[in-house]
Amino acid sequence: MSVSLVLLVLLGGALLIPLIGDDGDDGANEIKGGPENDELNGTPGPDLIRAFLGDDVINGNGGEDDLRGGDGEDTITGGADRDVIDGGSENDQLFGLGGNDTIEGDAGDDFIDAGEGNDIVRGGNGNDTIVGNLGTDTLRGEGGDDDIFLWGDEGRAYGGQENDELVMVTGRGVLDGVAGENTFYALANDDDAQQTVAIIQELDFGDEIVMTIDTDDGSVVDKDLIVTVTEGSINGIDGYNIEVGFADPGDEPDNFETSRAFVYGTSRDIDDVVASIKVDVTVDAELSVAGAQETFAAVKAGATAPAQVSPTPVV
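Here the sequence shown is numbered in full-length UniProt numbering, starting from 1 and rising by one per residue.
Here's what the structure looks like:
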């Protein structure tokens, strides 16, 4: 015979409804907020938590949780398992932590940290900051002017219809501006021996690429930045700006002999060429394509020598 037990417990403005299914296993707990600023804490098992009015704090804790913000400015934190998080209509802070999470910012200017795991993030409308963190993530800014930070391996970051900034922090990933005038960043840090490989899709007129090496101890060895432009209508190289330099003026290291920044271009105007740009570059770097000199890179002020660029075929 099927048995079902529903227990209602009033906790301040929150309503906890533990559900036990007829298979004998614990089901999801349903927890609902009220009209005030609530703190809603899940259980070690799966929870269904709904906030309504007010600036709420939601903690999923353990289990595969479904966490939904409301009309206030909410702070929502998942857990170690696979969670579904929706921020709601205001400026929310959303944290996935562990697990392969699905996070939706919805409306408002949200801050989203996906955490570890292979996560799917959609910023929604508003000017969002999206941090992929570790794992193979898919990050979408959607509406608004978004800042999107991708790291890990083989992840993908997409802008939206507005002017976005997409950052490849470390590892290998794809940056796609989608539309608007976007800025693409590829970063390398002197304490990270891994190459940073950014594959840029949909490079449009007015977009900018910035390649930066950040140094702490005054030396950079074998810290490569590789940027590949794979799609887009590149008609006239001077319509684009590529910067290569150090994080701050005066940060030029003493040892940079084996560090390089590479720009690969494939289009009808840049046919199978690779530009190797040394990291001591500052201003007026030029790329020779089909015998014509085009201004292809402008970099941070502070150093003295321009880059030496020699196109070679891509193997």
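All residues carry an ideal CB built from backbone N, CA and C; glycine is no exception.
Treat the numbers as computed from the prediction; the structure is a model and nothing was measured.
Could you give the DSSP three-state label for A198: helix, strand or coil?
strand
Alpha carbon to alpha carbon, how far is L187 from V167?
8 Å
Residues near E73 by beta carbon distance below 7 Å, same chain, minus five either side
D55, E90, N91, D92
Going by Cα to Cα distance, which pick from E36, G34, E30 is closest to D47?
E30
Taking the DSSP output, what are the residues bridged to G105?
None, per the DSSP bridge assignment.
Between A51 and G69, which are expected to be in contact by the criterion C-beta below 8 Å, what is the C-beta distance as a whole number of angstroms?
5 Å
Classify T170 as helix, strand or coil using the three-state DSSP reduction.
strand
Does the Cβ of E165 have 16 or more other Cβ atoms within 10 Å, making it buried, or fewer, making it exposed?
buried
Quick one: what's got a C-beta closer than 6 Å to T43's C-beta in the same chain, skipping five residues either side?
N29
Roughly how many angstroms separate the alpha carbons of I112 and E36, rounded to a whole number?
24 Å
Can you tell me the Cα-Cα spacing of G115 and I199, whole angstroms?
22 Å
Under a Cβ-count criterion, where at least 16 other Cβ atoms within 10 Å of its own Cβ denotes burial, should E142 be classed as buried or exposed?
buried
Best match in D110, T102, T129, N125 for proximity to G117 [C-alpha to C-alpha]:
T102
Starting from E36, follow the beta strand (DSSP E) in both directions and report where the run begins and ends.
E36 -> no beta strand (DSSP E), and no H or E assigned at all.
Does chain C have any CB closer than 9 Å to the CB of G115?
Looking for chain C here will not work: only one protein chain is present.
Close Cβ partners of V121 (< 6 Å) along its chain, the five nearest in sequence each way excluded
I103, I112, A114, I130, L139
On a CA-only basis, which of G98, D110, F95 is nearest G88? Give me that one, please.
Cα-wise, what sits closest to G88 is D110.
Hey, out of G160, D66, D83, whose CA is closest to Q201's CA?
G160
Look at the Cβ atom of D128, then the Cβ atom of G105, and state whether they are nearer than 9 Å.
yes
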